Structures are given as C-alpha cells and as structure tokens.
Amino acid sequence: TGQAKQRLEKSVRREERISILEEKANANAKERDEQQQQQQDYLTKAEMAELQGLLKVREHFEEQYDPVSFTKEHLDFKSMHNDVLIALTRYCEKERATIICCDDDEEEQEQEQESSTNKPTSTAAATTNIFFLDGPDGGTATALIDRGNFHPQQCFVANRHISTCDKLREMLPEMNIVHATAAEALTVGVPLHFDDDNDNDDDADELKNANQREDGGAFSDIDFTSYYFDGCGGFTGHIINMISAALIRDNCDDDGRNRKPIAVGYSLLGGNKDVVSKELLVSRALSTIARRRGMRMAHALDDPSKYGISLDTMKIGGSGGGGTFTTWCVLEAEK
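Written as structure tokens, this is what we have:
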C-alpha cells in the first residue's frame, strides 16, 4: 500500500542518517590515539542528541516487513533469490569440502615425513553456517529448511525488532536469533567519541555506555559459508558496513578460513534509480575486502550455470517489476 511504502522509505532515510552519524563518530577510532583525534571527527552536541533520538526511534519502531502486503510478483522475486542463496551455499560447501580434503592429505603427508609430530589430523567435517536477515514470516529460514534441506541450527539471523525475533525463535534455535543489527551481531563494537563539552551531559553518558562494547558480536566468531543481506535499504554505506563487519574479521582468518569460498548477497531498495552507481560502490568495497583476504570476487549471476543458479534469475524485480535490486557475489581464493 501507499502508506506502507512511505513508512518503509522513512525508515530507510532514518537508517541512512544513523549510518552517517555513526560513521563520523567511529572514523578511524581503532587506528588513532584518542588525544590525536581531530575535532571534526567528534560528534557535536547537536549531532549526539540527534543520533540518540534516532536510535530511540529505531528501538521502538515497528517492523516494516509485511509479507501480507507484498504482491505475488514481489514474493516470487524473494523466493527466487532464496533459491540463489541455497544454490550458492551448496556450491561453497562443496568447494570448502574439497579444500578440507586437500588440507588433510597434506597433513597426512607431513605426518608420514615427521613421525615425531603429535599434531592431530583434522577429520571432522566442517559445519555450513548461513547468516541472513529475515522478517516475521521467516520466509528465508523456511526456504533454507524446506527447500534447501538445511538444519535450523545452521541458520543465523539478526533483527532489531523484538517482536520479529520472538516469531523467528518459533522456527530457529533461540541462540541463533539475536536482537541486533547485522553489523552489531557480526563484529566487535567500536566506542563512539564525543567532544569534551558533552562530558557532564547525562544523555551523552547514556549514549557512550550504550555504544562502548569491548566484547564481540553474538556471531563474531562463527565461520559463515554465506551471507544474505536482504535489508532492502537504499543506502550503500549501510550495506558496505554490514559486509565489512562480516568479512573483515581477523579472528576468523587465523585458521585459514580466508581460503574458503564465501557467498554474499545483498538487496537495494529503489529499483532502477541510481542502481548502477550503487552496485558499483558496493562491488568496489567487496573487491577491496576480497583482496585483503587474498581472494577474488566473481559476480555469480554473470555465470549462473557454474553455480547451479536458474537462468531465469533476475537482478531487478518485486512490486511493479522494479522495486528491489538483488545481486550475488562469490569470494574464492586466488589461483
């Protein structure tokens, strides 16, 4: 409906502003010494109040994902890309199993050459884990379980709406659902920085405490085979932040996981409007991350047969044939 579309667009604009303010607050926080932080990188008192207000609205904002209001065309488009998620996850799963077998063969050869080595051989099969965003109907979770034959324990979801989390816990394990944004669930939080004028402000202290997290996200140490960021937002910075949180995770790379293929899918709201430039921004960011991991990025929909994807899969679809843009990439080790 028109009102539902307006509410969704308003939500997208709010998320864009939150992302801009958080990006300013967190800029280079890990790399710079606090005393050397430039004044312009701090949130002003007005911006801090604005961010706090937006975060409070987000906390109490109702879920805008309403499958009942979707057209059949939109539901078919989402179902199509759930099938892509299944196909790419299985592809990466198969490729990862090949890598594990090769690693085991190399390890056995090393053990034969060095009989004094007490290092155990890795024989346990790797677990395939999938991270995705889902609505209260659990459309993607249902597709993975019913059509993809994945176990509920392999499915992990982040959602910032408590009511949606409660619904999803009816079909997935409680520990696999986290009430948080995707970035919060996947990576370690970075403290926000404020100017000195806010030090005695109770609101500033409250916001600092809410954002200063030393522990990792709920899923920060899980090795995921695939990610589906179907948030349907129009802000590329938000998509890039989620992808960065998922893939720039040194603690998951220590055991060689960076060699294993990973599938990444994401959606952008708005159809044809600026979609080329938006996809380019996200693709460049993903390519940079891939190179950092010693990998290369491929656009899966450019070669659907290789990945077991239907040739009928479209990038743009949904309501009116142009409501949502969804695409998929696969990261694989350089050969």
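Read in order, the letters of the sequence shown are residues 1 to 335 in this note's numbering.
Don't be surprised by glycine CBs; every beta carbon is placed ideally from N, CA and C.
If you're wondering where the values come from, they're calculated on a predicted model, not measured in any experiment.
Cβ-Cβ distance between residue i and residue j below 8 Å
{"i": "G217", "j": "L186", "result": "yes"}
{"i": "A290", "j": "I243", "result": "no"}
{"i": "T236", "j": "L281", "result": "yes"}
{"i": "L54", "j": "R17", "result": "yes"}
{"i": "P261", "j": "C92", "result": "yes"}
{"i": "G323", "j": "H81", "result": "no"}
{"i": "I239", "j": "Y266", "result": "yes"}
{"i": "A300", "j": "L144", "result": "no"}
{"i": "G148", "j": "I86", "result": "yes"}
Top-ranked residue by Cα proximity to residue i, from the options
{"i": "Q153", "options": "I177, F70, L75", "result": "I177"}
{"i": "N129", "options": "G318, A246, E16, R13", "result": "A246"}
{"i": "C155", "options": "F131, E93, D137, P136", "result": "F131"}
{"i": "D221", "options": "V276, A180, I248, L85", "result": "I248"}
{"i": "A182", "options": "D274, G148, R296, L133", "result": "L133"}
{"i": "K94", "options": "H81, T164, K10, Y307", "result": "Y307"}
{"i": "F150", "options": "E174, V157, A141", "result": "A141"}
{"i": "N241", "options": "G318, I20, L51", "result": "I20"}
{"i": "R160", "options": "L144, F70, A180", "result": "A180"}
{"i": "T127", "options": "D223, C329, A46, A49", "result": "D223"}
{"i": "D303", "options": "R296, L85, C329", "result": "C329"}
{"i": "I316", "options": "K24, S305, S283, V276", "result": "V276"}
{"i": "V157", "options": "F219, A97, L269, E50", "result": "F219"}
Pairwise C-alpha distance: residue j and residue i
{"i": "F325", "j": "M314", "result": "9 Å"}
{"i": "E334", "j": "S287", "result": "12 Å"}
{"i": "L331", "j": "G294", "result": "10 Å"}
{"i": "R259", "j": "K72", "result": "40 Å"}
{"i": "R213", "j": "A298", "result": "A caution first: R213 carries a pLDDT of 41, below 50, which makes its placement in the model too unreliable to give a value."}
{"i": "D146", "j": "R13", "result": "35 Å"}
{"i": "S163", "j": "F77", "result": "25 Å"}
{"i": "M48", "j": "E22", "result": "10 Å"}
{"i": "L207", "j": "Q52", "result": "In this prediction, L207 scores a pLDDT of 35, lower than 50, which makes its location untrustworthy; no coordinate-derived value is stated."}
{"i": "G318", "j": "K24", "result": "34 Å"}
{"i": "V264", "j": "K56", "result": "30 Å"}
{"i": "V84", "j": "K10", "result": "29 Å"}
{"i": "M175", "j": "A46", "result": "38 Å"}
{"i": "I99", "j": "E50", "result": "49 Å"}
{"i": "S79", "j": "D274", "result": "24 Å"}
{"i": "R90", "j": "E279", "result": "25 Å"}
{"i": "R296", "j": "D312", "result": "25 Å"}
{"i": "R292", "j": "S283", "result": "14 Å"}
{"i": "P136", "j": "R96", "result": "32 Å"}
{"i": "D255", "j": "F70", "result": "Confidence at D255 is low in this model, with a pLDDT of 49, below 50, so its placement is unreliable and the value that follows should be read with caution. Each residue's Cα considered, the two are about 43 Å apart."}
{"i": "E184", "j": "L269", "result": "22 Å"}
{"i": "C165", "j": "P173", "result": "11 Å"}
Residue i - containing alpha helix (DSSP H), residue span
{"i": "T236", "result": "236-247"}
{"i": "I145", "result": "139-146"}
{"i": "L186", "result": "182-186"}
{"i": "S163", "result": "162-168"}
{"i": "T288", "result": "275-292"}
{"i": "V305", "result": "What sits at residue 305 in the sequence shown is Ser, not Val. S305 -> alpha helix (DSSP H) spans 304-307."}
Span of the beta strand (DSSP E), counted from its first residue to its last, around residue i
{"i": "M295", "result": "295-299"}
{"i": "E332", "result": "324-333"}
{"i": "F357", "result": "Absent from the model: residue 357. The displayed extent of the chain is 1 to 335, so no value can be given."}
{"i": "H151", "result": "Looking at the DSSP string, H151 is not in any beta strand (DSSP E), and its letter there is neither H nor E."}
{"i": "L43", "result": "Segment: none, L43 is in no beta strand (DSSP E) and carries neither H nor E."}
{"i": "G135", "result": "Where G135 is concerned, there is no enclosing beta strand (DSSP E), given that its DSSP letter is neither H nor E."}
{"i": "I262", "result": "262-269"}
{"i": "I177", "result": "177-179"}
Touch test, the segment 216-230 against the segment 159-174, Cβ-Cβ under 8 Å, three pairs minimum: no
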